[in-house]
Amino acid sequence: MSKKLTPAMRQYMEIKKRCGDAILFFRMGDFYEMFYDDAKAASRVLGLTLTARDKNREVPMCGVPHHAAKEYIKRLLRAGRKVAVCEQVEDPSASKGIVKRAVERIITPGVAMDEEYLDSRGNNFVAAAFVSGDSAGLAYMDVTTGEFRVTETRGLRALLDEIGRVAPKELVISERDRSIGRPVDNVTLMDAYDFGRATAEKTLTEHFGVASLDGFGCAGLDAGVSAAGALLAYVKANHLGGLSHIGRLTPYFTDDFLVLDHRTRRNLEITENMRDGGREGTLVSLLDRTSTAMGARRLRSWLLFPLVDPGAINGRLDAVEELIAAPETRSAVRSLLRGVYDLERIMGRVAAGTASPRDVGALGATLERVAELKKTLSGAFSCGLLRSLSELDDVPEAAALIAGALVDEPAPALGSGPVIREGYNAELDSLKAVGSGGKDELARLELKERERTGIASLKVRYNKVFGYYIEVTRANLANVPDDYTRKQTLVNAERFITPELKEWESRILGAEERIKALEHELFTALRSSVAGFTPRVQATADRLASLDALVSLADTAETMGYTRPRVHDGYSIAITEGRHPVVEAMLRDDPSADPFVPNDLTLDEDRRLLILTGPNMAGKSTYLRQNALIVLMAQTGSFVPAAEASIGVVDRIFTRVGASDDLARGQSTFMVEMNETANILNNATARSFIILDEIGRGTSTFDGLSIAWAVAEYVLDRSTLGAKTLFATHYHELTDITLTNEGAKNYNMAVREWNDRVIFLRKVVPGGSNRSYGIQVARLAGLPRPVVERARELLRNLESGEFDEEGMPRVAARRVAAPRVAASGADARRVAVCGSGGEAAREGGTESGEVRAVQPTLFGHRDPLREALRAVDPDRTTPIEALNHLARLKKLIEP
């Protein structure tokens, strides 16, 4: 087949072999063309018409215009595909034979540099994971900012939780680690060799120019180093620019941060809402009032990695408090930050050699802003954290270089406008003078030729195809001198050239070409010089990001009326008049809505487990979530929505909320619920904060209540867990756990009934509830009136204990036909009788040959034994009376 290929297609095939699974954008004139399987894949994703290069349609192809390529590449990246961009690297008009082409960049979902492919307010992480025995290593990098971090976890579940928290756009794993699965949409397999400990360490030490990774704090992180080395190798293979801005590998330990698993992040809607995965209605959307993209990314990171060290937490809180107390200074800082560009990503492009003149100009302008920020912050604050932020490095050497070299508003790209400032380079100034003077001379030449020929309409013009020419209308051709040489004939005019004009053309065009080449040379040298300041600029960017995030937290706290929490290393949590931050903000924006009703919470050694009962829609879930969010915000370093808050730091927040199934894995709603519960019980500690919103609702009543009761006892008992827990339930029987277990308390959502309607007060009050008001909620949901009325009738019957001799509610009793008798004519007839769990059965019959289906006793049925026990007052009972009571109780249980 290769003999039939044209030279261009042979070139394509050679380049494609080096691009692996990336779709090759092959530049041919004004289009990027794709062939074979790449064309088929791209046509499906992009909706392009699939054509063929040959008449036999053996070479499928499709293409996109080069000027619109970025939009098509963005769509391919969103679909999880990689793209290799192959450019023509020589002028086709000057080449002999096939035009030289080369792949200039490979773009993957996790390795992308252009702003068009990125979320400016979120990181673009690419990660690698490696499992080694009981240890699992995770490394992740943002190529655009230079962040490169590594950690280790114990076990696969913890690794998956950490991958979920980082949320990389792409995950690289070893071919032998397929058991990790697909925790993200885009997973790439690499040769296990790259994950080898020796190979990975060599890749890292050679890149950083060090003899050992111990200086980075990576000693003992074998699995982590394997992941980090493989990740760096992957990025080097796909990022064809420089990586000098990846200057260090930073280890971190998950125990230093509050752990939030996937379910908790989802249920609390920290960065993504549960409705469509978007940002609206999330905690980050409420708190993010940052002025820079760097600050937005930093604040998001703080929310996903809350602290557990009270000292570090209080350091942030000190800074927020001081910013709140200085509104004028804070306003000035915020105003200056608005003029700060994304230093992190600009320096990434500078190091990669892809930064445009406008990028470098923005860097210079930002460094000038940093100098102003230093003056504003200097001496204004006493807080240690803010003092360190005021010690910003404005890198005056880099700022001076840029200011001296670039014009005030550089062009977005070389060749598209002015870039280098006058006075920076003598040769460039001379060439520009020639070009400018030459054009002035051409204007004089036009005037001279008009006077010489007497043709008043004569024009000297220029276009890219014919160069400079003299244009004369047909009516004046008789006056054209003999030294004019015809160059082009038009419908109404002729175009000419003269020796004098040709000479000026050569001088001017030669100067313009040299200007372009020299500007490119000077700008490239400037960009390389600026790249030498990368570590200092990155340190400044880091401080600016933190400062912006702190200002954002201060602005939100002041606007929303938040208070500073007292964060300590004790066990207890005490919140006075707490509010759900996001719900409260939404109610504020709705003038027709009632104000948010605040509630208190106390969790300590005597109140480790709070059983919360009450009807649906009364606010149980909101109450549970708001307290978890208040704890999370406090440990982030934010003020909180409460009148007062004292927070003992927790190591993990767990949530078991709602009902969902996982059909792809063959798991029912109840199985998913049990998996989540098992994860909590197996991984929580006494320092954890657990939110349980319904346990055991996906199975039969008896099974569910039994499981819920056992789970409650497990989390409550100090010998098994003893974690701080909020447990919302519709099993009113669960409130009896407080009778036999210290540390458990009952609370309920207060309601009032009026005219057969339920009014939700949204207030948490002590004591248990014995009603769920489900029928009222069903009516509000729009169930047909006959259904609601029938449900009320059945409820009254069940609650009044109107059962027949077989335990069946009288109003629900119904006759069922007996099955056919056996051929033997036996009188016995068997009838299956199903209870709530579907497992009970009995034999029986009547003289008429019909039987009644028997309903097992429900929790609402009258229980004489329980009523007799409740009538006994142990504190006022004599020994003789106690024996009498015991005799009566014995009779109640005897057959």
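FYI, the numbering used here numbers position 79 of the sequence shown as 268, with every residue one higher than the one before it.
Just so it is clear, CB atoms sit at the ideal spot from N, CA and C, and this is done for glycine as well.
(Q) Given a cut-off of 8 Å on the beta-carbon distance, is the pair LEU1081 and PRO1053 in contact? (A) It is a contact, given that the beta carbons lie within the stated cut-off.
Q | Cut-off 7 Å between Cβ atoms - residues of its own chain near ALA301, not counting five sequence neighbours on either side | A | Taken in chain order, the residues that qualify are LEU266, LEU307, ASN313.
Q. What does a CB cutoff of less than 7 Å around GLY252 pick up in its chain, not counting 5 residues either side in sequence?
A. Cβ neighbours of GLY252 beyond the five flanking positions: PHE220, TYR221, GLU222, MET223.
Q.
Check this for me: beta carbons of PHE722 and VAL820, under 8 Å apart or not?
A. No.
Q | Minimum C-alpha distance to LEU905 - residue among LYS934, ARG468, PHE397 | A | It is LYS934.
Q) Roughly how many angstroms lie between the CA atoms of ARG343 and ASN864, to the nearest whole one? A) In a straight line, the C-alpha of ARG343 is about 19 Å away from that of ASN864.
Q. Where does LYS263 fall in DSSP's three states?
A. Under the three-state reduction of DSSP, LYS263 is assigned to helix.
Q: Taking 8 Å as the threshold, find out whether the region 315-329 comes into contact with the region 412-432 through three or more Cβ pairs.
A: Result yes; three or more Cβ-Cβ pairs closer than 8 Å.
Q) Do the region 475-488 and the region 734-743 meet, that is, are 3 or more Cβ pairs less than 8 Å apart? A) Touching, yes, given that three or more Cβ pairs across the two stretches are closer than 8 Å.
Q.
So the candidates are PRO601, GLY467, ALA720; which of them puts its Cα closest to the Cα of GLY311?
A. When each option's Cα is compared against that of GLY311, the closest is GLY467.
Q | contact_flag[the region 685-692, the region 706-726] where n(CB pairs < 8 Å) is 3 or more | A | No: the two stretches stay apart, fewer than three of their Cβ pairs being nearer than 8 Å.
Q. Looking only at its own chain, which residues have a Cβ that is under 6 Å from the Cβ of GLY887, when we skip the five neighbours before and after it?
A. By the criterion of a C-beta distance shorter than 6 Å, GLY887 is surrounded in its chain by THR858, PHE859, GLU862, once the five residues flanking it on both sides are discounted.
Q. For PRO440 versus THR340, is the C-beta spacing smaller than 8 Å?
A. Contact flag set, yes.
(Q) Between which residues of its own chain and ASP789 is the CB-CB distance below 6 Å, once the five residues before and five after are set aside? (A) Once the five neighbours on either side are set aside, the close Cβ partners of ASP789 are THR765.
**Q.** Rounded Cβ spacing between PRO601 and SER545 (contact assumed at less than 8 Å)
**A.** Rounded, the Cβ-Cβ distance is 6 Å, consistent with contact.
Q: Only counting runs of 3 or more residues, tell me where the beta strand (DSSP E) segments fall wholly within the region 276-351, in order along the chain.
A: Entirely contained in the region 276-351, the beta strand (DSSP E) runs reaching 3 residues are, in chain order, 290-296, 314-321, 324-331, 336-343.
Q | Exposed unless 16 or more other CB atoms sit within 10 angstroms - verdict on ASP403 | A | Note on ASP403: under 16 other CB atoms within 10 angstroms of its CB, so exposed under the neighbour-count rule.
Q: Using a threshold of 8 Å, state whether the C-beta atoms of ILE591 and VAL719 are closer than that.
A: In this structure, VAL719 lies closer than 8 Å to ILE591 by Cβ.
Q | According to DSSP, residues forming a beta bridge with GLU222 | A | For GLU222, which the question treats as bridged, DSSP gives the partners PHE215, GLY252.
Q.
Is the beta carbon of LEU552 closer than 8 Å to that of LEU578?
A. Not in contact: LEU578 and LEU552 (Cβ atoms no closer than 8 Å).
(Q) My parser needs the beta strand (DSSP E) runs of 3 or more residues fully inside the region 377-439; what are they? (A) Segments of the beta strand (DSSP E) lying fully in the region 377-439: there are none.
Q | Every unbroken alpha helix (DSSP H) inside the region 913-955 [4 residues or more] | A | List check, alpha helix (DSSP H) in window: 926-929.
(Q) Judging by CA-CA distance, which residue of ASN456, SER895, VAL838, LEU972 is the nearest neighbour of THR844? (A) If you compare the alpha carbons of ASN456, SER895, VAL838, LEU972 with that of THR844, the shortest gap goes to ASN456.
Q: Measuring alpha carbon to alpha carbon, tell me which of VAL424, SER827, LEU733, GLU630 ends up nearest GLU747.
A: Scanning VAL424, SER827, LEU733, GLU630 for the CA closest to the CA of GLU747 turns up SER827.
**Q.** Closest by C-alpha distance to ILE964, when choosing among ILE362, ASP793, ARG981
**A.** Nearest C-alpha to ILE964 among ILE362, ASP793, ARG981: ARG981.
Q | Simplified DSSP state of TYR201, which is helix, strand or coil | A | In the displayed model, TYR201 falls within a helix according to three-state DSSP.
Q | Neighbourhood of GLY431 by C-beta distance below 7 Å, restricted to the same chain and skipping five residues each side | A | If we look at GLY431 and ignore the five residues flanking it on each side, its Cβ neighbours are ALA540, ALA541, GLY542.
Q) Along the chain, which unbroken stretches of the alpha helix (DSSP H) at least 4 residues long are found entirely within the region 551-590? A) If we require 4 residues or more, the alpha helix (DSSP H) runs fully inside the region 551-590 come out as 573-579.
Q) Does the region 667-683 come within contact of the region 645-658, defined as at least 3 CB pairs closer than 8 Å? A) Output reads yes: the region 645-658 touches the region 667-683.
**Q.** Rounded Cβ spacing between SER741 and LEU488 (contact assumed at less than 8 Å)
**A.** Sure, about 6 Å apart at Cβ, within 8 Å.
Q) The alpha helix (DSSP H) with ILE704 in it runs from where to where? A) First-last of the alpha helix (DSSP H) with ILE704: 688-720.
Q. Looking only at DSSP bridge pairs, what is ASN652 linked to?
A. Answer is GLY656, bridged to ASN652.
**Q.** Limits of the beta strand (DSSP E) - the one that VAL473 falls within
**A.** Membership of VAL473 in any beta strand (DSSP E) is not indicated; the residue belongs instead to the alpha helix (DSSP H) covering 472-476.
Q) Which residues mark the beginning and the end of the alpha helix (DSSP H) in which ASP507 is found? A) 499-514 is the span of the alpha helix (DSSP H), which, as asked, contains ASP507.
Q. Can you give the Cα-Cα distance for VAL559 and ASP582, rounded to whole angstroms?
A. Roughly 8 Å separates the two Cα atoms.
Q. Taking the C-alpha atoms as reference points, what is the distance between SER605 and LYS705?
A. If you take the alpha carbons of SER605 and LYS705, they lie about 10 Å apart.
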